[in-house]
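So the sequence shown is residues 14 to 443, counted in this note's numbering.
The beta-carbon is built from N, C-alpha and C at its ideal position, and this holds for glycine as well.
Before any comments, here is the structure.
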Amino acid sequence: MSTSPYGGRLANGLGLAVEPRPGAGLVSVALTVAAGGDADPAGLHGTAHLVEHLMFPRAAASDGPDGGHVARVEGAGGVCNAETHRDHTVFHTAVPAGMLTEVLEWEARRLLTFAPTESVLRTETSVIAEEIRGAAAAGGVWEAALAALHPGSRDSFGTAAELAGATAADVDAFFRRHYRPDAMVLSVVGEVDPDRAAASVDRFFAGLPTAPAPAPTPASAPAPARTAAPATIRTAPLPSPVSGAALGHPLPDPVLDRSGYLAHVVLAEILGRTRLPRLNRRDPRIVSARVTCGYHGQWLGGAAPDLLLAQFATAPGAGPRAAADGWREVLTELAERPADPAEHRRALNALLLACHRRADSLTARSVSLGRTALLFPTAPGPDALPGDLARVTPAEVSAAARALLSGPSSVTELTAPTAPTAPTGIGENR
Numbered sequence: 014m015s016t017s018p019y020g021g022r023l024a025n026g027l028g029l030a031v032e033p034r035p036g037a038g039l040v041s042v043a044l045t046v047a048a049g050g051d052a053d054p055a056g057l058h059g060t061a062h063l064v065e066h067l068m069f070p071r072a073a074a075s076d077g078p079d080g081g082h083v084a085r086v087e088g089a090g091g092v093c094n095a096e097t098h099r100d101h102t103v104f105h106t107a108v109p110a111g112m113l114t115e116v117l118e119w120e121a122r123r124l125l126t127f128a129p130t131e132s133v134l135r136t137e138t139s140v141i142a143e144e145i146r147g148a149a150a151a152g153g154v155w156e157a158a159l160a161a162l163h164p165g166s167r168d169s170f171g172t173a174a175e176l177a178g179a180t181a182a183d184v185d186a187f188f189r190r191h192y193r194p195d196a197m198v199l200s201v202v203g204e205v206d207p208d209r210a211a212a213s214v215d216r217f218f219a220g221l222p223t224a225p226a227p228a229p230t231p232a233s234a235p236a237p238a239r240t241a242a243p244a245t246i247r248t249a250p251l252p253s254p255v256s257g258a259a260l261g262h263p264l265p266d267p268v269l270d271r272s273g274y275l276a277h278v279v280l281a282e283i284l285g286r287t288r289l290p291r292l293n294r295r296d297p298r299i300v301s302a303r304v305t306c307g308y309h310g311q312w313l314g315g316a317a318p319d320l321l322l323a324q325f326a327t328a329p330g331a332g333p334r335a336a337a338d339g340w341r342e343v344l345t346e347l348a349e350r351p352a353d354p355a356e357h358r359r360a361l362n363a364l365l366l367a368c369h370r371r372a373d374s375l376t377a378r379s380v381s382l383g384r385t386a387l388l389f390p391t392a393p394g395p396d397a398l399p400g401d402l403a404r405v406t407p408a409e410v411s412a413a414a415r416a417l418l419s420g421p422s423s424v425t426e427l428t429a430p431t432a433p434t435a436p437t438g439i440g441e442n443r
C-alpha cells in the first residue's frame, strides 16, 4: 500500500485515509465515490441518486435476524446515511469503536453484493420522486442558477419521469462503471488503530472488482474573449413562500484558484454577517436577505463548477429589481472600499470556528478527508484550510466583490402564492 499524509491506496486502487482519535470511543467510516448527478446517463437523470438509495439494501430472508444494512448499523448503536452531490456521493456511518471491523465488513458486503431487483427499484424510484417533489416545492433555486450559469451541469436529485423508466440493468451498469475501487476513497476517523484498520480494509475490500474507467470527456474549446457586458441570465420564475429574487454567480475553481475561491467564501461571510442586515435596515423594499457560498451553502462541498447565491425577500410590489439594486449596492461598497480590519477579522473568526466544528465532528471529518482526497487531490489537506482562510486579505475580498460585479450572473424571480379571494357570502347558509 502506498502512503500519503492521509493514508494510501490498496493494490486495486481504493483510497484509504485513517485518522486516529484516541479516547473518542466512536469511529466514523465514510465511503466517497466520484460519481454524482453530473455522471447520470442521458435520459436517466437521477441514476446516481437512485444507486445511493439502492446501496441501503432492505432486509431479506437471507439476512438473518439482524435484518438489512441499516438494521445492522442501528442494532450496533450506530447511525448511517448518505448524500448524492453533483460530482460525488458519500456514505457515512458512525458506530462504537469496537464495531469497526464489523462495519467495514458490512460496507464491503453491500458493494460486493449490489444486485437490485425490479421490485426494489420501483419502490426506491417512488421514494425519490417524493424527494424531487419536495425539492421543487422548496424552490430549486440553487439548481436553477447552476443550470443557467453552467449549461449541462446536473442537479443531484434527478427527474422523476426519467427515473420511472430506469431498469435494474441500467443501475447495475452505472454501478459497475462508477463504483470502481480507483474512483472511491474510504476514510476512517476515531478511536482506531491505523494498522489494524488498514489490515481489515485490505481483507474486506481487496476483492472489489475493477472496471474500465469511463472514457474521458473531450475538452471543450476555450471560451471566446468577452467583449460585451457580462450576461445576466434570467431563469423561469419559481414559487416561493415569499416574493423576491435569487441572484447566482459562478465561483472560481477551488483547485485552480484556491485563494480566489476562499476570498469569495470570506466575502459571503462579510455580506451575510454585516452588510446585508445593514441593507435590510435602510431599504424598506428589502424584507430579508441572505447569501450562501458553495454547493447548497457548503463551501468546498464540491469541485467546479460552484456558485455563490444571494436570496432576497422583498416587500409587495418591489419585484426583482429591488433585490438586484440592493445586491449591487452592497457589492459595490466592498468593491470600492475594503472592509475594515475589525469587520474582516469577525468574518474570519466565524469561518475558522466553522472549520474547527467540522474537525470536531467525527462524521464531518471523515467526509472531509474522503472528499479532499477524491475531489481535490492536488490541494493541501483539510488541516491547511484554517491557515489558508486566515491569509485572505481585505483587498482580496474587494477583488472578489469586483469579480461578481463584472462577471456573469443569474436572476430568478421568486413568486409567492396569491392570497385567496375573500368569500362574497353569496350562497352561504345563514
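| query | result |
| --- | --- |
| Run through the DSSP bridge pairs and tell me what Ala259 is partnered with. | Gln324, Thr425 |
| Report the residue ranges of all alpha helix (DSSP H) runs contained in full by the stretch 270-342; include only those spanning at least 4 residues, in chain order. | 271-283, 289-295 |
| Let's test the definition: count the other Cβ atoms within 10 Å of the Cβ of Asp100 and tell me whether it reaches 16, buried, or not, exposed. | buried |
| Give me the residue from Thr130, Arg122, Arg85 with the minimum Cα distance to Val108. | Arg85 |
| Kindly indicate the opening and closing residues of the alpha helix (DSSP H) around Thr138. | 131-150 |
| So for Ser75, helix, strand or coil by DSSP? | Bear in mind that a pLDDT of 48 at Ser75, under 50, signals an unreliable position, so the model cannot answer this. |
| In whole angstroms, what separates the C-alpha of Leu162 from that of Ala48? | 21 angstroms |
| May I ask which residues mark the beginning and end of the alpha helix (DSSP H) holding Phe69? | Phe69 -> no alpha helix (DSSP H), and no H or E assigned at all. |
| So, with DSSP's three-state summary, where would you put Leu431? | Reading off the sequence, residue 431 comes out as Thr, not Leu. Thr431 falls in the coil class under three-state DSSP. |
| Report all residues from its chain with a CB closer than 7 angstroms to the CB of Thr130; omit the five preceding and five following residues, and keep chain order. | Ala181 |
| Below 8 angstroms between beta carbons: does that hold for Ala348 and Ser422? | no |
| State the start and end residues of the unbroken beta strand (DSSP E) segment that holds Leu39. | 39-46 |
| Three or more beta-carbon pairs under 8 angstroms between the stretch 198-210 and the stretch 148-163, yes or no? | no |
| Report buried or exposed for His369, applying the criterion of at least 16 other Cβ atoms within 10 angstroms of its Cβ. | exposed |
| For Leu134, which residues from the same chain have a beta carbon less than 6 angstroms from its beta carbon, with the 5 sequence-adjacent residues on both sides left out? | Ala181 |
| Indicate whether the contact test is met: 3 or more Cβ pairs, each with one atom in the stretch 287-303 and one in the stretch 315-331, closer than 8 angstroms. | yes |
| For Gly56, which beta-bridge partners are listed by DSSP? | DSSP lists no partner for Gly56. |
| Who are the Cβ neighbours of Val343 in its own chain at under 7 angstroms, not counting the five residues just before and after it? | Leu284, Arg288, Leu289, Leu292 |
| CB Ala336 to CB Gly257, shorter than 8 angstroms? | yes |
| Tell me, please, which residues DSSP counts as bridged to His105. | Ala43, Asn94 |
| Please return the same chain residues whose Cβ sits closer than 8 angstroms to the Cβ of Leu269, not counting the five positions on each side in sequence. | Ala317 |
| Can you check which of these residues, Leu364, His105, Gly28, Val154, is closest to Val83 by C-alpha distance? | His105 |
| Return yes when the Cβ of Leu39 is within less than 8 angstroms of the Cβ of Ala110, no when it is not. | yes |
| Whole-angstrom Cβ separation of Pro194 and Gly26, contact assumed at under 8 angstroms? | 4 angstroms |
| Beta carbon of Leu417, beta carbon of Val154: below 8 angstroms? | no |
| Comparing alpha-carbon positions, which option in Pro164, Val103, Ala186, Ser169 lies nearest Ser200? | Val103 |
| Which word fits Leu375, buried or exposed, when buried means at least 16 other C-beta atoms lie within 10 angstroms of its C-beta? | buried |
| Going by DSSP, which residues form a beta bridge with Leu29? | Gly21, Leu199 |
| Could you spell out the range, first to last residue, of the alpha helix (DSSP H) harbouring Arg216? | 207-218 |
| With burial defined as no fewer than 16 other Cβ atoms inside 10 Å of the residue's Cβ, what is the status of Arg167: buried or exposed? | buried |
| Grouping DSSP H, G and I as helix and E and B as strand, with all else coil, what is Thr245? | strand |
| Taking the C-alpha atoms as reference points, what is the distance between Gly56 and Leu125? | 27 angstroms |
| Pro407: which of Val278, His66, Gly315, His357 sits nearest, CA to CA? | His357 |
| Between the alpha carbons of Ile141 and Ala352, how many angstroms are there, rounded? | 44 angstroms |
| Pro252 bridges to which residues according to DSSP? | Thr428 |
| Give a yes or no on whether the C-beta atoms belonging to Gly383 and Ala43 are separated by under 8 angstroms. | yes |
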